[in-house]
Amino acid sequence: AQSVTQPDIHITVSEGASLELRCNYSYGATPYLFWYVQSPGQGLQLLLKYFSGDTLVQGIKGFEAEFKRSQSSFNLRKPSVHWSDAAEYFCAVGRRALTFGSGTRLQVQP
Amino acid sequence: EAQVTQNPRYLITVTGKKLTVTCSQNMNHEYMSWYRQDPGLGLRQIYYSMNVEVTDKGDVPEGYKVSRKEKRNFPLILESPSPNQTSLYFCASSSISRGLAGGSNEQFFGPGTRLTVL
């Protein structure tokens with residue numbers, strides 16, 4: 210069965226600092242991997258996705274993620290965080306049935 | 049405007065009273081899905097559909113039904129709601145990637161339906 214683990218429930222960073230959100234997955238074949246962001250009271254928006262090819266994926270809002278098959282990871286990174294990045298971030302895996310992680314809530318300090 | 053719409057946005061009901069939450073998309077997407085979101089649990093998939101008349105169970109299908117009679121609509125039906133179905137529900141749609149193992153591309157989410165079952 211497929212699964213996703215986001216080990217960090219809550220992360221606080223200072224504005225301008227770098228960010229890395231962790232995601233580990235379990236999947237029987239080459240996975241489709243996604244990162245979504247949810248602002249308070251809003252639906253989900255796709256940040257980036259990995260299907261195949263280059264393991265470093267660029268997304269919107271300056272985010273990137275790296276697929277590491279050997280570590281079963283798909284960590285999300287941003288070099289310099291903005292206050293508007295405060296939100297909840299979800300990693301997801303799957304092709305037809307989709308499994309989401311439990312989310313990481315990001316707080317940004319001024 | 050490309051969008052996924054859900055109705056109602058808020059619903060308070062009582063145990064055992066059948067209800068339907070509608071979902072409609074105008075992007076001609078083959079794939080549609082329902083999720084519930086609960087604190088600390090993230091989103092859990094209830095049902096998904098790869099095309100008209102094709103539906104499959106997700107991780108938490110118990111107590112829910114769906115139908116896909118038209119490509120644009122994917123209603124979620126609770127025949128006999130119970131308090132443990134109190135949750136925030138999201139509908140989503142996407143195109144499908146081609147190939148033997150084609151799956152869901154980027155999913156577009158509706159605004160959510162907050163359901164309370166008393």
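Chains as they are written, first to last, in the numbering used here: chain A, 210 to 319; chain B, 49 to 166.
All C-beta atoms in this analysis are idealised placements derived from N, C-alpha and C, irrespective of residue type, glycine included.
Bear in mind the structure is a predicted one, so any value in this text is a computation, not a measurement.
Classified as exposed, Ala50 of chain B has fewer than 16 neighbouring CB atoms from the shown chains inside 10 Å of its CB. DSSP places Asn55 of chain B within a strand segment (E or B) once states are collapsed to three. For Phe122 of chain B, no CB of chain A lies under 9 Å from its own CB, so it is not counted at the interface with that chain. Judged by DSSP in its simplified three-state form, Gln267 of chain A adopts strand. If you look at Glu127 of chain B, you'll find it isn't in any beta strand (DSSP E); DSSP assigns it neither H nor E. The beta-carbon separation of Leu315 of chain A and Asp294 of chain A, rounded to 6 Å, stays under the 8 Å limit for a contact. About 7 Å separates the Cβ atoms of Ser135 of chain B and Gln85 of chain B, confirming a contact at the 8 Å cut-off.
A contact is defined here as three or more CB-CB pairs under 8 Å, and the segment 230-240 of chain A meets this definition with respect to the segment 277-285 of chain A. Contacts between Ser141 of chain B and chain A, judged by CB atoms closer than 8 Å, are missing: the closest CB pair is about 12 Å apart. Around the beta carbon of Ala296 of chain A, 16 or more other beta carbons sit within 10 angstroms, so the residue counts as buried. Counting along the chain, Glu273 of chain A sits inside the beta strand (DSSP E) bounded by residues Glu273 to Lys277.
Taking 9 Å as the Cβ-Cβ cut-off, the segment 212-240 of chain A approaches chain B at Val213, Gln215, Ile218, Ala238 and Thr239, given in chain order.
Within the segment 260-282 of chain A, the residues whose Cβ lies closer than 9 Å to any Cβ of chain B are, in chain order, Phe260. Taking the C-beta atoms as reference points, Gly268 of chain A is found no nearer than 9 Å to Leu253 of chain A. The residues Arg286, Lys287, Pro288, Ser289 and Val290, in chain order, have a CB closer than 8 Å to that of Ser227 of chain A in the same chain once the five nearest residues on each side in sequence are set aside. In the structure shown, Asp294 of chain A adopts helical secondary structure according to DSSP, grouped into three states.
The way I'd put it, the segment 116-133 of chain B does touch the segment 64-82 of chain B; three or more beta-carbon pairs between them come closer than 8 Å.
Looking at the DSSP output, Ile220 of chain A sits in a beta bridge with A:Leu315.
Secondary structure of Gln251 of chain A (DSSP, three-state): coil.
In the DSSP assignment, Thr134 of chain B falls outside any beta strand (DSSP E), carrying neither H nor E. Collapsing the DSSP output to three states places Gln211 of chain A in coil. Within the segment 84-113 of chain B, the residues whose Cβ lies closer than 9 Å to some Cβ of chain A are Gln85, Gly88, Leu89, Gly90, Leu91, Arg92, Gln93, Tyr96, Met98, Asp104, Lys105, Gly106 and Asp107, listed in chain order. Per DSSP, Ile94 of chain B is one residue of the beta strand (DSSP E) stretching across Gly90 to Asn99.
DSSP, reduced to helix, strand and coil, places Gln155 of chain B outside both helices and strands of the structure shown, so it counts as coil.
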